Amino acid sequence: MWGWSVERYLTSTSGGGSGGSKPSVTFDQAASGNYAAANRTASDINWIIIHTIQGSYEGGISVFNDPDSGVSAHYVVGNSSGQITQMVYDDDISYAAGNYDYNSAGLNFENEGYASESHPDQLYQNLASIVSWACEEYGIPKSHPTGVAPADPADGSGIIGHEQVPDPDNPSVGGGASHHTDPGSGWEWDYFMSLL
81 MWGWSVERYL TSTSGGGSGG SKPSVTFDQA ASGNYAAANR TASDINWIII
131 HTIQGSYEGG ISVFNDPDSG VSAHYVVGNS SGQITQMVYD DDISYAAGNY
181 DYNSAGLNFE NEGYASESHP DQLYQNLASI VSWACEEYGI PKSHPTGVAP
231 ADPADGSGII GHEQVPDPDN PSVGGGASHH TDPGSGWEWD YFMSLL
């Protein structure tokens, strides 16, 4: 695997910084063309970006393992207890937000389900455990700013949905280059934020 090492694996799956103990995750590296090796540090990571897969947990993992898809996320979170799969090392760049600058400054979390549907409590619990750890590990505020995020990701930080990522060509419009609307109308932001 490109960029693989025992030390990097252990740090990535068990926590190695100031964020305390990382929740248990399964590591299943995305296809090498679906992310960029980057060696980012904590100061490079300002954003947590929440997505909805538009399908199953297993389906999301399969897409990110497909070298023809060109996409990935750092973590895929499922509806069952403990379903968290890391697919890209935190210090590398996943391709999920439709805005390379935000991909470069963020951690992308894909959640099982559909943007128009509600999500089970267990998914929120799973996601909150890993996002809470990531916020502490990388010094990201546990806050959810409203509206489209700043055009320059260095001008802010926090926890946002994919729909808040600015279009790189028209930063007043959210959802990245393809104007995605996830995590969608079924996402309960107030409840999720209360779990952090």
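Mapping the sequence shown onto the numbering used here, position 121 (from 1) lands on 201, and the numbers just tick up by one.
We treat Cβ as the ideally placed atom computed from N, Cα and C, and that holds for glycine.
Remember, it's a predicted structure, so these values are computed and weren't measured experimentally.
Among the options, the one whose alpha carbon lies nearest that of residue i
i: serine 136; options: Thr106, Asn191 and Met167; result: Asn191
i: asparagine 258; options: Asp201, Asn179 and Ile133; result: Per the sequence presented here, residue 258 reads as serine, with asparagine not at that position. Among Asp201, Asn179 and Ile133, the Cα nearest to that of serine 258 is on Asn179.
i: phenylalanine 272; options: Ile210, Ser152 and Ser101; result: Ile210
i: glutamine 202; options: Gly219, Thr261 and Ser160; result: Ser160
i: isoleucine 173; options: Asp249, Val253 and Ala117; result: Ala117
i: glycine 219; options: Thr121, Gly139, Thr226 and Glu138; result: Thr121
i: alanine 195; options: Leu207, His242, Gly186 and Asn206; result: His242
i: serine 198; options: Asp108, Ser265, Gly186 and Asp124; result: Ser265
i: alanine 185; options: Ser123, Ser252 and Thr106; result: Ser123
i: valine 105; options: Thr226, Val253, His260 and Leu207; result: Leu207
i: aspartate 146; options: Ser112, Phe107 and Ser212; result: Ser112
i: aspartate 108; options: Gly162, Pro221, Ser152 and Gln166; result: Gln166
Nearest-angstrom Cβ-Cβ length linking residue i and residue j, presumed shorter than 8 Å
i: glycine 236; j: proline 230; result: 5 Å
i: isoleucine 240; j: isoleucine 129; result: 6 Å
i: tyrosine 204; j: leucine 275; result: 6 Å
i: phenylalanine 189; j: valine 143; result: Actually they do not touch by this definition, with Cβ atoms about 15 Å apart.
i: tryptophan 267; j: histidine 224; result: Their Cβ separation, rounded to whole angstroms, is 11 Å, which puts tryptophan 267 and histidine 224 out of contact at 8 Å.
i: histidine 154; j: proline 263; result: Between proline 263 and histidine 154 the Cβ distance is about 15 Å, and since that is not below 8 Å, they are no contact.
Counterpart residues of residue i in DSSP-defined beta bridges
i: leucine 187; result: Ile128
i: valine 105; result: Valine 105 pairs with nothing; no bridge assigned.
i: glycine 241; result: Ile130
i: asparagine 250; result: Asp247
i: serine 174; result: Tyr115
i: glycine 135; result: Gly193
CB contact flag (residue i, residue j, <8 Å)
i: serine 149; j: asparagine 126; result: no
i: aspartate 171; j: asparagine 119; result: yes
i: alanine 110; j: valine 168; result: yes
i: alanine 177; j: valine 245; result: yes
i: isoleucine 164; j: proline 103; result: yes
i: aspartate 247; j: glycine 255; result: yes
i: proline 233; j: tyrosine 175; result: no
i: glycine 139; j: glutamate 216; result: no
Start-to-end residues for the alpha helix (DSSP H) that takes in residue i
i: serine 161; result: Premise fails: serine 161 is in no alpha helix (DSSP H) and is neither H nor E.
i: serine 209; result: 201-218
i: glutamate 192; result: Taken as a continuous stretch (DSSP letters only), glutamate 192 belongs to no alpha helix (DSSP H), as it is neither H nor E.
i: serine 274; result: 269-274
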